[in-house]
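Working notes, beginning with the structure itself.
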Amino acid sequence: MEKRQLCDIQGRLFELALKNGYDCPAFIDFFMNSRTAAALDDIYDRLQWAGEEYLLEELIDESGGLKKAGTVYAKEVMYWAGYTYRYWHYYTNEFSRDIYKTADAETMNTCWLGFHTFDVEMAIDDLKEIYQQKCGSQNSK
Numbered sequence: 065m066e067k068r069q070l071c072d073i074q075g076r077l078f079e080l081a082l083k084n085g086y087d088c089p090a091f092i093d094f095f096m097n098s099r100t101a102a103a104l105d106d107i108y109d110r111l112q113w114a115g116e117e118y119l120l121e122e123l124i125d126e127s128g129g130l131k132k133a134g135t136v137y138a139k140e141v142m143y144w145a146g147y148t149y150r151y152w153h154y155y156t157n158e159f160s161r162d163i164y165k166t167a168d169a170e171t172m173n174t175c176w177l178g179f180h181t182f183d184v185e186m187a188i189d190d191l192k193e194i195y196q197q198k199c200g201s202q203n204s205k
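Each residue of the sequence shown is one higher than the one before, counting from 65 in the working numbering.
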C-alpha cells in the first residue's frame with residue numbers, strides 16, 4: 065500500500081474519533097501509545113489494510129472504552145495530526161510512542177495553525193526542533 069494512503073487513513077481515523085465524540089488529546093495519547101499504532105509502524109501488518117472504522121474498533125477493544133467528551137480539537141487539527149504522525153514514522157523510522165514523546169497532542173494542536181501549510185517534512189523538522197529547545201531550556205535550569 066502506498067505510504068501516503070496510510071497517512072490519509074490515519075488522518076481520517078483521528079477525524080472519526082472527533083466525530084464520535086472522543087476526548088481529542090486522550091484519544092491521541094492512547095492511540096500513539098497503543099498496540100494498534102505499533103502494528104501500523106511495522107513493515108507489514110494486516111491493520112495497514114484496514115480502514116479508519118476498523119482501526120477505531122480495534123482501539124476501542126484495546127482500550128476497553130475510549131474517553132468520551134472532554135477537550136475538542138478542530139477537525140482540520142485532528143486530520144493534520146493523524147496524517148503528520150504517520151508520515152513522521154515513514155520519514156524518520158521512529159515509532160509512534162517515541163514520536164508522541166517529541167510532539168504530544170497539545171503540541172500538535174498548538175502548532176497546527178503555523179505548521180499545517182508547511183511541507184510535512186518541514187513541519188516534522190520544526191516540531192523536532194521545538195522539542196530540542198524545550199529539552200535544552202529544562203536542562204539549563
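In this text, a Cβ means the ideal position worked out from N, Cα and C, and glycines have one as well. Here the structure is a predicted model, which means the values were calculated and not measured.
Local Cβ density within 10 Å of residue i, reported as buried at 16 or more and exposed below that
i: residue 202; result: exposed
i: residue 108; result: exposed
i: residue 125; result: exposed
i: residue 183; result: exposed
i: residue 119; result: buried
i: residue 71; result: buried
i: residue 113; result: exposed
i: residue 76; result: buried
Residue i, DSSP secondary structure in three states
i: residue 151; result: helix
i: residue 108; result: coil
i: residue 132; result: strand
i: residue 164; result: helix
i: residue 195; result: helix
i: residue 137; result: coil
i: residue 114; result: coil
i: residue 181; result: coil
i: residue 98; result: coil
i: residue 173; result: helix
Chain-order list of residues whose beta-carbon lies under 6 Å from that of residue i (same chain, five-residue window excluded)
i: residue 74; result: 146 and 150
i: residue 103; result: 109 and 111
i: residue 37; result: What the structure shows of the chain is the stretch from 65 to 205, and residue 37 is not part of that stretch, so it cannot be assessed.
Contact set for residue i: own chain, Cβ-Cβ below 7 Å, skip 5 residues either direction
i: residue 9; result: The chain is shown from 65 up to 205; residue 9 falls before or after that span and cannot be answered.
i: residue 154; result: 67
i: residue 134; result: 87 and 90
Beta-ladder partner(s) of residue i, from DSSP
i: residue 86; result: 132
Same chain, Cβ closer than 8 Å to residue i, neighbours up to 5 away in sequence not counted
i: residue 170; result: 89
i: residue 190; result: 175, 179 and 182
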